[in-house]
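Report on the structure given below.
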Amino acid sequence: MRLKISQFLLSLALISALMLGGCSTQQVASNTSSPISTATSTINEASSKTTTEATSSSQTNSDIPGLADLPRLDGKATVVLTVKGSPITIEVDGTDAPITAGNFVDLVQKGVYDGLVFHRVVREPQPFVVQGGDPQSKDPKVSADRLGTGSYIDPKTGNARYIPLEIKVKGSDTPIYNKPFDATAQPVVLPHKQGAVAMARSQAPDSASAQFYFALADLAFLDGNYAVFGNVTQGFDVVNKIQQGDRIDSAKVTQGAENLKIPGK
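Written out as structure tokens, the structure is:
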């Protein structure tokens with residue numbers, strides 16, 4: 037029993053560390069008020085979703101408000117992040133996470149990630165995540181306590197861009213949107229294996245924007261709650277050396293840029 041309790045408390049601590057990366061300034065107050073209650077809510081939210089609920093989701097693209105207005109990746113792409121002069125190669129999977137992958141590749145193409153800080157690195161008490169991608173962090177004058185609260189602001193509209201939680205379960209033709217679920221009952225196509233790349237979000241399922249993280253270990257307890265969209269194929273040793281405060285020198289799409297589909301283009 038002690039082991040089970042300690043593992044549960046560890047999961048609470050780790051998830052709260054991830055979820056404190058709120059995706060909008062307006063959401064920060066509710067997300068940071070109680071880390072333990074936020075993490076507990078996430079676990080309870082996931083465990084309350086049954087296999088039947090996940091399976092019965094018959095959403096189509098037309099069912100998801102705003103989905104047609106978001107970038108989409110039809111197929112795969114390769115992105116190379118350079119950190120302190122060393123490359124990290126990421127295979128971005130638009131086949132199984134088209135909207136999440138499309139959002140990431142589009143932001144890379146726009147240069148959004150160039151110069152951004154890795155504001156959260158959690159390796160103790162066990163390897164967890166390296167998180168970055170807050171657009172606010174490009175400005176060195178932004179205080180450290182604000183990092184993890186920023187979103188991508190579309191310069192054309194002046195509004196933040198958010199994407200829906202998008203997770204595909206094995207045996208399904210299309211992803212499930214908007215609904216965290218218990219992945220122990222339904223395995224996901226893109227799990228949180230070591231080297232996975234996924235979107236950070238606040239407690240709201242559809243609050244991911246620009247912040248992403250690398251999984252430093254297998255993190256199966258996050259499956260069904262956070263959207264994995266790619267994997268590190270080369271340079272995981274570079275990921276393992278990232279320290280809090282390190283910046284992304286550059287992010288470039290080296291293959292598959294033609295697979296990015298922008299609405300209206």
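37 is the number of the first residue of the sequence shown in my numbering; add one for each residue after it.
Don't be surprised by glycine CBs; every beta carbon is placed ideally from N, CA and C.
Bear in mind that the values here come from a model prediction, so they are computed numbers and not experimental data.
Beta-bridge partners of residue i, as assigned by DSSP
i: Q270; result: T125
i: R283; result: V153
i: F248; result: G168 and M235
i: V205; result: V224
i: I199; result: A244
i: K297; result: R108
i: K288; result: V116
i: I189; result: A196
i: Y213; result: E202
i: V148; result: None; V148 has no bridge partner.
i: V264; result: A234
i: S158; result: Reading off the sequence shown, one finds Val at residue 158, where the question assumed Ser. V158 is bridged to V165.
Short Cβ contact (8 Å threshold) for residue i with residue j
i: N295; j: G169; result: no
i: V141; j: V289; result: yes
i: L252; j: F164; result: yes
i: A219; j: G260; result: yes
i: L143; j: A246; result: yes
i: Y213; j: P223; result: no
i: P211; j: I203; result: yes
i: G151; j: K174; result: yes
i: Q145; j: A293; result: yes
i: Q291; j: H155; result: no
Spatially closest choice to residue i from the options, by CA coordinates
i: G271; options: A104, Q230 and D242; result: Q230
i: V153; options: A293, T210, R283 and V116; result: R283
i: G130; options: I124, G121 and T114; result: T114
i: I278; options: E202, V157, K174 and K215; result: V157
i: V205; options: F164, A293 and P216; result: P216
i: L255; options: K297, V166, L106 and G121; result: V166
i: R108; options: V128, L117, I124 and V119; result: V128
i: D285; options: G121, Y198, Q239 and S187; result: G121
i: P241; options: P299, D273, Y198 and V275; result: Y198
i: L117; options: P299, A287 and N139; result: A287
i: A236; options: D175, P176, P161 and G184; result: G184
i: V148; options: A133, P134 and P171; result: P171
i: V275; options: V119, P101 and I100; result: V119
i: D273; options: D181, G281 and F250; result: F250
Residue interval of the beta strand (DSSP E) (run including residue i)
i: Q117; result: Checking the sequence shown, residue 117 turns out to be Leu, not Gln. First-last of the beta strand (DSSP E) with L117: K112 to V119.
N-terminal and C-terminal residue of the alpha helix (DSSP H) that residue i is part of
i: V144; result: P134 to Q145
Whether or not the region 259–268 and the region 225–242 are in contact is what I'm after, with contact meaning three or more pairs of Cβ atoms, one per stretch, closer than 8 Å; do they touch?
yes
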